[in-house]
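Here the structure is laid out as structure tokens; the discussion comes afterwards.
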Amino acid sequence: MKLFTKYMTRNDCYTAGRKITPKGIMVHSTAVPGVMAAEWFSRWNKSYKAGEINRQVCVHAFVDDKEVWQYLPWDHRGWHAGGAANNTHIGFEICEPAGFSYKSGSVMVGYDPAKQEDYFRKAWQNAVELCVMLCRKYSLNENDIICHSEGYKLGIASNHADVMHWFPKHGENMDTFRKAVKKALENSTDINTDIGIGDMVEFKVSVKNYYPGSVEVPTWVKNDYYHRVTQTLYKGKPVIKGGKECVLLGKKVKKSGGQEIAGINTWVAKENLVIVNSIPDNKCNRTYTVQKGDTLWRIAEKELGRGTRYPEIKKLNGLTSDTIYPGQVLKLPE
Numbered sequence: 665m666k667l668f669t670k671y672m673t674r675n676d677c678y679t680a681g682r683k684i685t686p687k688g689i690m691v692h693s694t695a696v697p698g699v700m701a702a703e704w705f706s707r708w709n710k711s712y713k714a715g716e717i718n719r720q721v722c723v724h725a726f727v728d729d730k731e732v733w734q735y736l737p738w739d740h741r742g743w744h745a746g747g748a749a750n751n752t753h754i755g756f757e758i759c760e761p762a763g764f765s766y767k768s769g770s771v772m773v774g775y776d777p778a779k780q781e782d783y784f785r786k787a788w789q790n791a792v793e794l795c796v797m798l799c800r801k802y803s804l805n806e807n808d809i810i811c812h813s814e815g816y817k818l819g820i821a822s823n824h825a826d827v828m829h830w831f832p833k834h835g836e837n838m839d840t841f842r843k844a845v846k847k848a849l850e851n852s853t854d855i856n857t858d859i860g861i862g863d864m865v866e867f868k869v870s871v872k873n874y875y876p877g878s879v880e881v882p883t884w885v886k887n888d889y890y891h892r893v894t895q896t897l898y899k900g901k902p903v904i905k906g907g908k909e910c911v912l913l914g915k916k917v918k919k920s921g922g923q924e925i926a927g928i929n930t931w932v933a934k935e936n937l938v939i940v941n942s943i944p945d946n947k948c949n950r951t952y953t954v955q956k957g958d959t960l961w962r963i964a965e966k967e968l969g970r971g972t973r974y975p976e977i978k979k980l981n982g983l984t985s986d987t988i989y990p991g992q993v994l995k996l997p998e
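Spelled out as structure tokens, the structure:
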């Protein structure tokens, strides 16, 4: 699974800044044939409040046959379920291939399962691997995964058919999807989760100690940094602490900006860590919400240190004048 991260900082869901403790995962599909995962950023990284988009919607990620694009932090409250599941579930969309159309909302017209089988299997596998990663990160299991239509039946989501309007065309359903996730969780060789030298990792949310019996992991170690593995053996043998195989975290990587600096130099149980495939594009993440009385000069002076840098804010946000308004969210340069 290739995971890329680029937060939709312009979307009102992101700027709302509400957090959740993930208790489950909700699987959706886009019902927009032919639009792949990377293309959704330009479609949805817009503000409803500013009149740039006519929908209040945002999911955590999109999956296609080649890659996964994460658009919200996993613990950010998304707008995907149309119900209470927004408060508890991470939501992701599986992109649907081109070559067919829809009628009556959820009826696929001209869809050829045999022709699309290769695409479906690759997208399915990426969706399984994403769920495995999230289950490990948040101490979930396959039983915590539902689709949008199941959420509706449970009374925690709006009335949508996905993904059960699509999966059965390939002989699958949510039960077989959960079985695939369960199998992958039980067999770590199914996906690339074997942590080695050079891998960038982060602590699972549920982790309390570096390894059983060790001191408690400080909050800043978990929340502020990724970590780089610099050693897996000592004198040619695996390092066992508290009965668990450990790796040495010798470098820290700032989650805000990606700067790599001296690490905690601590042995940590491998089972307490998950591999991070990419660093979020944090240059897109620094924003400022315009307050009453603000000017571009004042914002540049306060946030960038010099009022004379205000043209950089104009250029970055595509502004053609100096006019701004309260509530407007501006991206800030580094």
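The sequence shown runs 665 to 998 under the working numbering. All C-beta atoms, glycine included, are put in the ideal place defined by N, C-alpha and C. In this text the structure is predicted, and so the values were computed from the model without any measurement.
In the three-state DSSP reduction, residue 937 falls in the strand class (E or B). Residue 899 and residue 918 have their C-alpha atoms roughly 30 Å apart. A check of alpha carbon separations from residue 685 across 924, 872, 881 and 803 identifies 803 as the nearest. When DSSP states are grouped into helix, strand and coil, residue 672 belongs to the coil group.
Counting C-beta atoms within 10 angstroms of its own C-beta, residue 832 has fewer than 16 neighbours from the protein chains shown and is therefore classed as exposed. At a Cβ-Cβ threshold of 9 Å, residue 842 and residue 809 count as neighbours. Under the three-pair Cβ rule at 8 Å, the region 869-877 counts as touching the region 893-913. Taking all protein chains shown into account, residue 743 has 16 or more neighbouring C-beta atoms within 10 Å of its C-beta and is therefore buried.
Ranked by how close their Cα comes to the Cα of residue 925, the residues 769, 814 and 864 have 864 in first place.
The Cβ atoms of residue 791 and residue 940 lie no closer than 9 Å to each other. By the neighbour-count definition (other C-beta atoms within 10 Å, threshold 16), residue 728 is a buried residue.
Scanning the region 689-718 for uninterrupted beta strand (DSSP E) segments of 3 residues or longer gives nothing; none is fully contained.
Nearest in C-alpha terms to residue 776, of all of 708, 824, 789 and 762, is 762. Secondary structure within the region 848-889: the beta strand (DSSP E) runs of 3 or more consecutive residues, fully enclosed, are 864-867 (chain order). Taking one beta carbon from each stretch, the region 707-723 and the region 779-787 have fewer than 3 pairs nearer than 8 Å; the two do not touch.
Buried is the label assigned to residue 815, since at least 16 other Cβ atoms lie within 10 Å of its Cβ.
For residue 955, there is no enclosing alpha helix (DSSP H), since its DSSP letter is neither H nor E. Distances from the CA of residue 734 to each of 935, 795 and 885 were compared; the closest alpha carbon is that of 795. Pairing residue 675 with residue 709 gives a Cβ-Cβ distance under 9 Å. By the Cβ test, the region 950-962 is not in contact with the region 930-940, since fewer than three Cβ pairs between them sit closer than 8 Å. Residues 760, 762 and 764 of the same chain have their beta carbon placed closer than 6 Å to that of residue 697, with the five preceding and five following residues left out of the count. The three-state secondary structure of residue 825, taken from DSSP, is coil.
892 is the residue among 902, 994, 892 and 869 whose C-alpha sits nearest the C-alpha of residue 862. Between the alpha carbons of residue 951 and residue 985 lies a gap of roughly 19 Å. When rounded, the separation of the alpha-carbon atoms in residue 971 and residue 779 is 58 Å. Distance from the CA atom of residue 752 to the CA atom of residue 766, rounded to whole angstroms, is 30 Å.
Each residue's CA atom was taken as its position, placing residue 672 and residue 736 some 7 Å apart.
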